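Colleague: Numbering (the numbering used here), first residue to last: 319 to 479. The beta carbon of each residue, even a glycine, is placed where N, CA and C say it ideally should be. Every value quoted in this text rests on a predicted model; they were computed, and no experiment measured them. Got a structure for you, questions after.
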């Protein structure tokens, strides 16, 4: 006999994964000054992340691997930007899952003043805590201290609380 089982309910843990597309192209014949502008255009068009990797291409030419991570709905818009703004003749698309940690922003009082911390957790367990870099820069400039020292003081204040 044929048997069909249906289970109705909710996952005990919500889906931690998000479907994204990685868009890539290798470029070896473009003015390198364009890459800086290109990155801004890609972010403005919906990219979640953009990065460049130096590569060695055919005919021993140095080139650049352009990688763009985006939500699936931004795929065509980002492809348009790459074809319009670069010298590429082709683009590859790879769909994959992405997992991100849960994030929370808290404020920690330090001997130098308040500094925001980005707290990252997975399954309710804190796996990373980092002071906001801009806050460290601002306090370092105000106090005439190195950013490295402000960062260390902030981290100690977080750990001591």
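Count the other CB atoms within 10 Å of the CB of residue 400; is the residue buried (16 or more) or exposed (fewer)?
Modeller: Buried: at least 16 other Cβ atoms inside 10 Å.
Colleague: Looking at the strands, I want to know which residues DSSP matches up with residue 482.
Modeller: In this structure the chain extends from 319 to 479, so residue 482 is not present and cannot be described.
Colleague: Just verifying my parser: in three-state terms, what is the DSSP assignment at residue 478?
Modeller: helix
Colleague: With a 10 Å radius around its C-beta and 16 neighbouring C-beta atoms as the bar for buried, classify residue 343 as buried or exposed.
Modeller: buried
Colleague: Ignore the nearest five residues each way along the sequence and tell me which others in residue 413's own chain have a CB closer than 6 Å to its CB.
Modeller: 339
Colleague: According to the Cβ coordinates, are residue 411 and residue 382 closer than 8 Å?
Modeller: no
Colleague: Cα-Cα, which of 453, 425, 454, 441 is closest to residue 479?
Modeller: Looking at the Cα atoms, 425 is the closest of the given residues.
Colleague: Going along the chain, which residues of its own chain have a beta-carbon closer than 8 Å to the beta-carbon of residue 437, five neighbours each way excluded?
Modeller: 421, 422, 423, 424, 444, 446, 447
Colleague: Expressed to the nearest angstrom, what Euclidean distance is found between the alpha-carbon atoms of residue 368 and residue 360?
Modeller: 7 Å
Colleague: Does the separation of the CB atoms of residue 362 and residue 388 fall below 8 Å?
Modeller: Not a contact, by the Cβ cut-off of 8 Å.
Colleague: Do residue 450 and residue 435 have their C-beta atoms closer together than 8 Å?
Modeller: yes
Colleague: Decide if residue 321 is buried, meaning its Cβ has at least 16 other Cβ atoms within 10 Å, or exposed.
Modeller: exposed
Colleague: Among the candidates 326, 334, 324, whose CA atom is the shortest distance from the CA of residue 440?
Modeller: 334
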